[in-house]
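For the sequence shown, the residue numbers in the numbering used here are 1 to 1124.
Using N, Cα and C, we set each Cβ at its ideal position, and we do this for glycine too.
Every value quoted in this text rests on a predicted model; they were computed, and no experiment measured them.
One structure is given below, encoded as structure tokens.
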Amino acid sequence: MMAGSQWELPPELCCRPMAFVALTGLDVVYNAVHRAIWDAFCANRRADRVPISFKVLPGDHEYPKCRTKRTSYEWYIPKGILKTGWMNKHLNLVPALVVLFYELDWDDPQWKEKQSECATKVEIVRTSLQGRNTKVAVVLIQKKTPLPPGEDLVASERAAALCNACDLSGKSLFVLPHTDHLVGYIIRLENAFYEHAQTYYYTEIRRVKSHKEFLNKTTHQLLFVRHQFKIAFFSELKQDTQNALKYYKTAYSLVHELRAHETNILEIKTMAGFINYKICRLCFQHNTPLDAIAQFRKHIDLCKKKIGSAELAFEHAAWMSKQFQSFGELFDEAIKLGLTAIQTQNPGFYYQQAACYSQDRKQLALQLCQAGASYPSPEPLDVQSGGLDFYGQRPWRQGHQSIDPPDAEKEKTGILALQIKERDVPHSELIIALVSNAVAQFKKYKCPRMKSHLMVQMGEEYYHAKDYTKALKLLDYVMCDYRTERWWGLLTAILTTALRCAYLMASVKDYIIYCMELLGRASTLKEEQKSRIEKNLLKVLMNEVPDTEPECDPSSVSAARSLWNDRMALAGSNELTIEVQDYIPFIQCKAKFQSPSFHVDQPIQLQVFLRADCPHPVPFNKLAVSLSNQEYNQWCVVESSDQESMSLLPGKNKCYNFSFVAKTEDVGKKIEMTGIEVMLGGDRGRCVFVSWRGAGGDAASTHEALQASRSSRRWGRCIEARQELDWDSLTMQHSTMIISRVPKISVQLNHQPPALSNEMYCIFLTIQSQEEGVAKDVKLTAGLKPGQDANLGQTTHVALDGSKVCDDTAPALLPDVPLGDLKPGKKLERCVYMKCVSTGPRVFLFHVAYSIDTTVERCQIVCKCHKDETVTIETVVPFEVSVKFMSTKFEPQDRIAVDIPFLLMTDILSSSPWPLLLAASSLQLLTMISNTPQLQSQLQDVVLQTGECASECFCLRCPPLTNSNSTVATGQYLISWRRESSSADSPLIQTTVTLPHIILEFVPLYIHADLPSFGRVRESLSVRYHIENRTALVQEVEMAVEPSDAFMFSGLKQVRLRILPGSEQQMLYNYYPLMAGYQTLPQLSISLPRCPNTNTHTLRRFLPQRIFVKPQGRQLDDASIAAA
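Given below as structure tokens:
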């Protein structure tokens, strides 16, 4: 009993105290109504319901007898602080309230008899509670819902009679209708029960407090502690946690005021631990974690030196461990309820400390517990009454409070019994469980180094518990972190423990791995230790049993030897492959290709460097390099022979060179080292293949290379002066690229940039060979370089035929155009034509590929060579075309009148840096018609220099349209052109310009004038006006000639006309100019009464506004003027 479970906190201490209410009169097994009532009390209780612990008891249940009340403490000597059954008694045995349930309706026909029966049952309950302050209440289970208070007079009278018969107050009688709202009634009942329970615990607190006046501090020190604890516990039952905390703190102070000696130190520590647990729990509950931590630290400071009997020192370590564990559990529970912890203050530290005290307990038990002693008889730890009376007392001297033990012999046998029982405690299991909890916490709060440290402890504990498999698993996991962080001393210690585990398990592979690492450069072992390990490794390679590892458990060594002998006898397990990339083995390996790339006509060369870090030479039988293309592996193997053996000398570098010829189909591919293998051992023993991934290196290589590079930058000259190759500065090159042979041809491009949009741009290509042999199967790939904007591919076309303009189906890249063979020193010439539809820069690629025979390392191969030339060509527009619509008077027009002539003016502005030849131009009209007999190009064979402009003018007319569209398309303007510098047979490029749409308007009256090109001063000028009616109606026209200072005129100054549909009227006027120069003609004022929307300006815009008037000359001077 005292060995293991003694240190567990009692469950009644750890639970949340709740008021205990006993329910009697309920038959929950056979009565469905009673069962429903009980379920409503207990099932699915939510957090917002009052904290009450319910228990169904029979009506005649025997409650614990109440001891006779003490009237005086004058001669009373307490035997202990707190009885072991006291908390459980008030939690589960002595109720604060007993509730009697009785089925009785107010209108029951047998009211009198049932009233008497109910009173009898109440009396039975009171009798069983003789001497206790427990309250009694009655609940009447009724079938009907009661009326509101005051309305049912019968119910009021009978309730008073029942209270009188049962000697109850009105507040202790309740009615419970069994209806659909049962749970609601139950919750109301609970609240009433809770108030009664509160009253009971308040009474109990006052009763305990009343004892204080009878106590003295000389003999009743224990009672002061006991009473404060009881008051605090009752306060917790009353849910008054603030007062409970206050009384627990008082009790804690008092318990440390007790005079401590060897016979009572355990009881004092036990009670201090109980009270400390309660204080910390309540602090966490009140959300004051810093108070809880401060209390716990105070508790540990006060108790850590109260060891007690030196022969039982392991008990103090066990008690301390339990204190830390309990606090860690409280802390963790508070975190789950919402408390926030941090890296430096989390439950993991308390679990860790608990594990440390458990380790101390284990060590003390090994020192104090005698191995050969037999268990004493009779049993000194046996308790006749079934358990201890008081917490923390010894079974063989219960209730004894004097300084000296009453029986020295019994004391001696009791201590011996405790020591013997301590030997059977599974200490390692306890330690592992605590460390495991701590690891989980440190992992949760991201403390990787603490986690690793504790995992090492855990692994060592598993080793001591002889669970070597789990020990190895943990240690192997942690070693990765220590390798990465370069804790060599720690790594060596862990490896040493792991090596012992591997030896005791006879795990051959693990044993070899740990031997290799302990012999390596990361190991801090002394040379003699390394020598012993190397000899053992060689024995295992020779299939012999290795020597025993030092400090191994002697009982396990014989079993290990037997296992090793069995392993050696197995013939099938003589080959092992060990990947050492993630370790730091005693053989280091680095490999590199001598160049990041090799031409296909060069032999590929790679080097493998090996170095041994162990005390003695290491023989090996084979070195093999594995490549991504396995066909090359046969050239990268070296094996020992009978004439020559291979070995590595300690601290010396050894280099092995390999060379092979690449296959031509691997051009453009990467060759990688996938692994390197060194074979230790041989056919007569055990073969161990030490394997590195890639180009070698191990867990420490990266950092060593970084350090070496920093040193080389700092002390570059010193390193250059060294003769011995510095291992750390060796770089690894795990891959190389096979690239094509260097071409010995030249590719020249001749062209005249920039390219003009849509032209067949010529690039003259010259290929000249400098090869010594014939370049066979020469092929040209020409066109837009891949990888550019996708839109460029759709607007670029390449052709070899320049005699015609290629269409949109021509590709953007011409692949593999055969050019035949090219002899040494000869040339090949080709023209490639590019058509660029859109402007902007383009990169063109000219890829010339050929094959040639060559010899590499006396091996005949066919090499494929290629030469790439790229050129960036800018594409620009050759010219810009602008179009204008004008009246026949050369005035700009934004609207065109139907069936009235107008002018189309085109301007071609050259933006080409090269002269352009305009071969022809033409119009393709859609709705318009020409107003002249034949449209002829006015730009035929015109040459435009940069910035020059060529113009054309066309007279057009829009016929009446059948549809009512106000906007119509004009058509297209076609221009045929080429560079002037191109040959005469070069194709013409046709550029199509879409003419703008025009807005039509209908003019009801068209007026135009016939007049001479000029007039003379004081000479008559005849002007005839033609007025046409374009409508289907008779139009009335009112005309008036406005006076002018520059002219006199004869004719009708104001006239009113009628013009039939489609007919014409003419008006003749004679103008007499009065002034020379450009003069404004007299203006016509025209109005159409039947077309009010048409104004004078709209009608007279077709008329000439001005005329040039010459001065009056003399006939005699005409000849002289002509001569001049």
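query	result
Member of L418, G694, L730 and F689 whose CA lies at the smallest distance from the CA of L706	L730
Nearest-angstrom Cα separation, counted from G273 out to K322	9 Å
Supposed close pair C480, E534 - CB separation, criterion 8 Å	At roughly 24 Å, the Cβ-Cβ gap does not stay under 8 Å, so C480 and E534 are not in contact.
Other residues of its chain near Q343: CB distance less than 8 Å, five sequence neighbours each side excluded	Y445, K446 and C447
Assumed close pair M568, G685 - CB separation to whole angstroms, cut-off 8 Å	Between G685 and M568 the Cβ distance is about 10 Å, and since that is not below 8 Å, they are no contact.
Selected residue, minimal CA-CA separation from G1062, among V1003, K1110 and N1093	V1003
Distance, S921 Cα to E948 Cα	17 Å
Alpha carbon of T469 to alpha carbon of I578, nearest angstrom	19 Å
Top-ranked residue by Cα proximity to E771, from S746, T781 and K779	S746
Whole-angstrom distance between R978 and S951, CA atom to CA atom	18 Å
For L977, the three-state DSSP class (helix, strand or coil)	First, the residue type needs correcting, since residue 977 is Trp and not Leu in the sequence shown. Three-state DSSP puts W977 in a strand.
L1088 to T888 span [Cα, whole Å]	24 Å
Beta-carbon proximity check, E267 vs F390, cutoff 8 Å	yes
Unbroken beta strand (DSSP E) run spanning P615, endpoints	Neither: P615 is in no beta strand (DSSP E) and is coded neither H nor E.
Bounding residues of the beta strand (DSSP E) (the contiguous stretch that carries F274)	First-last for F274: I265 to Q285, but that is the alpha helix (DSSP H), not the beta strand (DSSP E).
DSSP three-state assignment for Y194, whether helix, strand or coil	helix
Start-end ranges of the beta strand (DSSP E) lying completely within the segment 207-264, minimum 3 residues	none
Burial state of H1097 (16 or more Cβ within 10 Å)	exposed
Paired residues, beta bridge with G971 - DSSP	L925
Sub-8 Å separation of R1058 and E1038 beta-carbons	no
Where the beta strand (DSSP E) containing E460 begins and where it ends	E460 -> not in any beta strand (DSSP E); alpha helix (DSSP H) instead, spanning P448 to H464.
Integer Cβ distance of Y514 from A498, believed to fall under 8 Å	5 Å
Test item: CB-CB of Y850 and A775 under 8 Å	yes
Assigned secondary structure, P347 (DSSP; H/G/I helix, E/B strand, else coil)	helix
Alpha helix (DSSP H) runs wholly inside the segment 783-841, at least 4 long, in chain order	790-794
Meets three-Cβ-pair contact criterion under 8 Å: the segment 248-265 and the segment 299-319	yes
Three-way DSSP call (helix, strand, coil) for N164 in this model	helix
Separation of V678 from A721, as counted between CA atoms	Per-residue confidence for A721 stands at a pLDDT of 41, beneath the threshold of 50, marking its modelled position as unreliable; no derived number is given.
Contacting residues, own chain, Cβ-Cβ under 6 Å from N88 (five flanking each side not counted)	E12
Three-way DSSP call (helix, strand, coil) for H181 in this model	coil
Beta-carbon separation (whole angstroms), Q945 vs S910, contact threshold 8 Å	7 Å
Nearest to S628 (by Cα), restricted to the options Q295, D404, Q594 and I676	I676
6 Å CB neighbourhood of S640 in its chain, flanking five on each side removed	N621 and M646
Complete runs of the beta strand (DSSP E) confined to the segment 559-607 [at least 3 residues]	575-579, 587-593 and 597-599
Beta-carbon proximity of Q441 to Q370, cut-off 8 Å	no
contact_flag[the segment 1061-1079, the segment 1021-1029] where n(CB pairs < 8 Å) is 3 or more	yes
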